[in-house]
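Numbering (my numbering), first residue to last: 1 to 146. Glycine included, each C-beta is placed from N, C-alpha and C at the ideal position. Down below is the structure, laid out as structure tokens.
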Ligand code: SF4
């Protein structure tokens with residue numbers, strides 16, 4: 001397990017910055033918002049060389065899918081991913097986007113976005129704490145730069 005310290009700054013290979021777009025679809029999205037925008041969260045992410053995107057997907061290299069993905073929403077999730085430039089990565093955050101979570105047997109819920117998108121890191125939890133998102137980004141960094 002990596003230790004994230006306030007002085008750590010990750011070199012993402014091509015740049016010292018990586019841009020993250022949060023596709024928050026349900027309760028997990030609130031935790032991701034807290035991690036990206038909350039007090040201390042944005043500072044911790046800046047130390048990791050990570051910034052949140054407030055514009056369109058064409059500005060992002062990491063798509064964070066957090067929350068319940070319904071089959072109705074799935075085309076919008078796919079369109080968002082398609083609009084992102086290369087290189088691009090996907091973090092699936094929480095039980096719902098990983099597997100369907102508590103709604104795994106619902107007729108209307110996608111049972112894991114890894115069925116339709118290349119998920120690079122899956123963060124477990126219902127919901128994961130904001131710190132878990134940071135852990136997921138560190139794991140992604142390790143994968144990108146190894
Ligand atoms: S995993 Fe749990 S907290 Fe996250 S969106 Fe699903 S039900 Fe909500």
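For residue 122, there is no enclosing alpha helix (DSSP H); the enclosing beta strand (DSSP E) has its first and last residue at 121-123. In this structure, DSSP gives residue 110 a state outside helix and strand, which the three-state scheme calls coil. Separation of the CB atoms of residue 29 and residue 66 is rounded to 5 angstroms, and the pair is thereby assigned contact status at 8 angstroms.
For a cut-off of 8 angstroms, the C-beta gap from residue 94 to residue 100 is around 11 angstroms, too long to register as a contact. Note that the C-beta distance between residue 110 and residue 70 is below 8 angstroms. In the DSSP assignment, residue 74 falls outside any beta strand (DSSP E) and within the unbroken alpha helix (DSSP H) covering 74-83. Taking a C-beta distance under 8 angstroms as the contact criterion, residue 63 and residue 84 qualify as a contact pair. Look at residue 60 here: in three-state DSSP terms it is coil, with no helix or strand label. In chain order, 18, 19, 88 place their CB closer than 6 angstroms to the CB of residue 61, counting only its own chain and leaving out the 5 sequence neighbours on each side. Selection 73, 130, 98 evaluated against residue 37 yields 130 as nearest (Cα-Cα).
Taken from the Cβ of residue 124, every heavy atom of ligand 1 lies 7 angstroms or farther away.
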